[in-house]
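**Q**
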Amino acid sequence: MKKINQCNWCGSHNISKIEKPISKYKNTIYYFYFCNNCEIKFAFNKNKEVTIDYDKIQENHFGYNRHIADNKWVKSMFDIKDSKYSINEINNFLSTKTMDQRYLRAIEIANNAYLKNKKLDILEIGCNLGYVGSLFIKQKHNYIGIDVQKNAITEAKKNYGNKNFYCIPFEKLSKKINKKYDLICSFEVIEHLKNPMEFWNFASNNLKKNGEIVLSTPNGNFIPKNEWYSELPPIHYSLFKENTFKILRKKNYQVKFYNKYQFSYNIFFIRKMIQFKLSHLKSYFFGEKLRNNFIPSTNPYDKNFIYSYKKIKINFFTNFTLIRFTSLINLIFSFILSFFNFAPLAGQIFVGIKKKN
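Per this note's numbering, the very first residue in the sequence shown carries number 6; after that it's consecutive.
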């Protein structure tokens, strides 16, 4: 194994090896370094790297049903011929009705341009099923979405068009399409890369003068120096803090954190979760109607819409109430911290980066 003597983000030699093995797979042991300069944590191993099949990982990921549900609903709106209505509905859905908050800054940039009849060149790295990109396509922006997941790209092409989506790593994109972009967005991708600086160099080199790079990644702000507390490698290779991105200010970049987007759960989702009627209690104590309840709807206008594509059988007063309670506590803490412009104790970092003029 090649000796590691500098940070793979800022290049500092002031790094500390954490002698605590972390592992995702039984026969592949990973360790990690902490950079005392930019505070990133990055993992490494001494063995042969494990090949990751992200299509398989997504199939088994507990939260992926939410993306499938969102994609299904967005597709139904995408197919509507009334373009203005379709754009308004998709924009409203992704901004206010989905639990997922990571896309909001990118949507805001694209929508502001759309309202001014301005077309942007947009690149999404890690576009997954393509439903966020579908909004940009509907708005007539010059959008390209790339991902290494073959199944996801196949689905995106089928739903939203062949010419906008490519199953290709970002390192090879310039050989296929050589251009610069007004907006480069990437959500929950950078932490998966062995060398995040390669990603940064690609994004910054392909950004237009007044463009913006919009990223989201798991929030490592409050995690102790010698703890990992994230998906284990080789799924996640890096864990970022706000200070990790602030280091870019020394390289002539503007760095802004969008803490108003930091809620782990959308406020509209929480409102649905805590709506509680006396009839629910009556049904629980005197009938079986809600005790073994189904949540089948993917229609956000349906009162039973809870972001589930599959019919998930739940126990109403154990599982569902626990979700309500923990979600509400999470929201309260997120709100208080965001009010003072601090990142919450968990969740994600949302950051926008521009070149200084």
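Here a beta-carbon is modelled for each residue, glycine too, at the ideal position from N, C-alpha and C.
To which residues does DSSP link GLN259 through a beta bridge?
**A** GLN259 pairs with LYS359.
**Q** Taking 6 Å as the limit between beta carbons, can you name the residues of its chain near GLY16, skipping five residues before and five after?
**A** Nothing listed; no residue qualifies.
**Q** Tell me the rounded alpha-carbon separation between ASN214 and ILE182.
**A** It should be pointed out that residue 214 corresponds to Lys in this sequence rather than to Asn. Near 19 Å, if we compare the C-alpha coordinates of ILE182 and LYS214.
**Q** Between which two residues does the alpha helix (DSSP H) containing VAL79 stretch?
**A** Note, VAL79: alpha helix (DSSP H), 69 to 83.
**Q** Pick from ILE228, SER209 and LYS230: whose alpha carbon is nearest that of LEU220?
**A** The shortest Cα separation from LEU220 among ILE228, SER209 and LYS230 belongs to SER209.
**Q** Is GLU160 near PHE141, with beta carbons less than 9 Å apart?
**A** No, these two residues do not count as a Cβ contact at 9 Å.
**Q** If I measure Cβ to Cβ from ARG107 and keep anything under 8 Å in the same chain, skipping five residues before and after, which residues do I get?
**A** So the qualifying residues of the chain are PHE192, GLU193, SER221, TYR266, GLN353 and PHE355.
**Q** Near ASP152, which residues of its chain fall below 7 Å by C-beta distance, leaving aside the five closest residues on each side in sequence?
**A** Once the five neighbours on either side are set aside, the close Cβ partners of ASP152 are GLY131, CYS132, ASN133, ILE158 and CYS172.
**Q** Flag this pair as touching only if the stretch 30 to 48 and the stretch 238 to 258 have three or more C-beta atom pairs under 8 Å; answer yes or no.
**A** The stretch 30 to 48 vs the stretch 238 to 258: in contact.
**Q** Which residues mark the beginning and the end of the alpha helix (DSSP H) in which ILE201 is found?
**A** The question names Ile, but residue 201 in the sequence shown is Pro. Unbroken alpha helix (DSSP H) run through PRO201: 201 to 210.
**Q** Give the range of the alpha helix (DSSP H) segment to which GLY138 is assigned.
**A** Element bounds for GLY138: 136 to 143.
**Q** From the DSSP secondary-structure annotation, give me the bridge partner or partners of PHE47.
**A** Answer by DSSP bridge pairing, in chain order: TYR38 and SER243.
**Q** Just checking my contact of GLY150 with GLY138 at CB under 8 Å: how many whole Å lie between their CB atoms?
**A** Between GLY138 and GLY150 the Cβ distance is about 4 Å, and since that is below 8 Å, they are a contact.
**Q** Drop a sphere of 10 angstroms on the beta-carbon of GLU176, count the other beta-carbons inside from all chains shown, and report buried for 16 or more, exposed for fewer.
**A** Exposed, because fewer than 16 other Cβ atoms sit within 10 Å of the Cβ of GLU176.
**Q** Indicate the three-state DSSP secondary structure (helix, strand or coil) for ASN224 in the structure shown.
**A** In this structure, ASN224 counts as strand in the three-state DSSP scheme.
**Q** In the DSSP assignment, find the unbroken alpha helix (DSSP H) run with PHE175 in it and report its ends.
**A** 175 to 181 is the span of the alpha helix (DSSP H), which, as asked, contains PHE175.
**Q** Within a Cβ cutoff of 6 Å, which residues of the same chain sit near ILE228, ignoring the five residues on either side of it in sequence?
**A** If we look at ILE228 and ignore the five residues flanking it on each side, its Cβ neighbours are TYR234.
**Q** Bridge partners of TYR234, per DSSP?
**A** Note: TYR234 sits in no beta bridge, so no partner.
**Q** May I ask which residues mark the beginning and end of the beta strand (DSSP E) holding GLU24?
**A** 20 to 30 is the extent of the beta strand (DSSP E) around GLU24.
**Q** What residues in its chain sit with their C-beta under 8 Å from that of GLY216, if we drop five residues either side in the sequence?
**A** The residues are LYS185, TYR186, ASP187, LEU188, ILE189, LYS359 and LYS360.
**Q** Please report how far the alpha carbon of LYS53 lies from the alpha carbon of VAL79, in whole angstroms.
**A** Between LYS53 and VAL79, the C-alpha separation is close to 41 Å.
**Q** Suppose contacts are defined by Cβ-Cβ distances below 9 Å. Is PHE47 in contact with LYS230 by that definition?
**A** No, Cβ-Cβ distance for PHE47 and LYS230 is not below 9 Å.
**Q** Which residue from ILE57, ILE20 and HIS18 puts its Cα closest to that of LYS199?
**A** Out of ILE57, ILE20 and HIS18, ILE57 has the C-alpha closest to the C-alpha of LYS199.
**Q** Name the DSSP bridge partner or partners of CYS172?
**A** Per DSSP, ASP152.
**Q** Under the rule that 16 or more other beta-carbon atoms within 10 Å means buried, what is MET202, buried or exposed?
**A** The residue is exposed, with fewer than 16 neighbouring Cβ atoms inside 10 Å.
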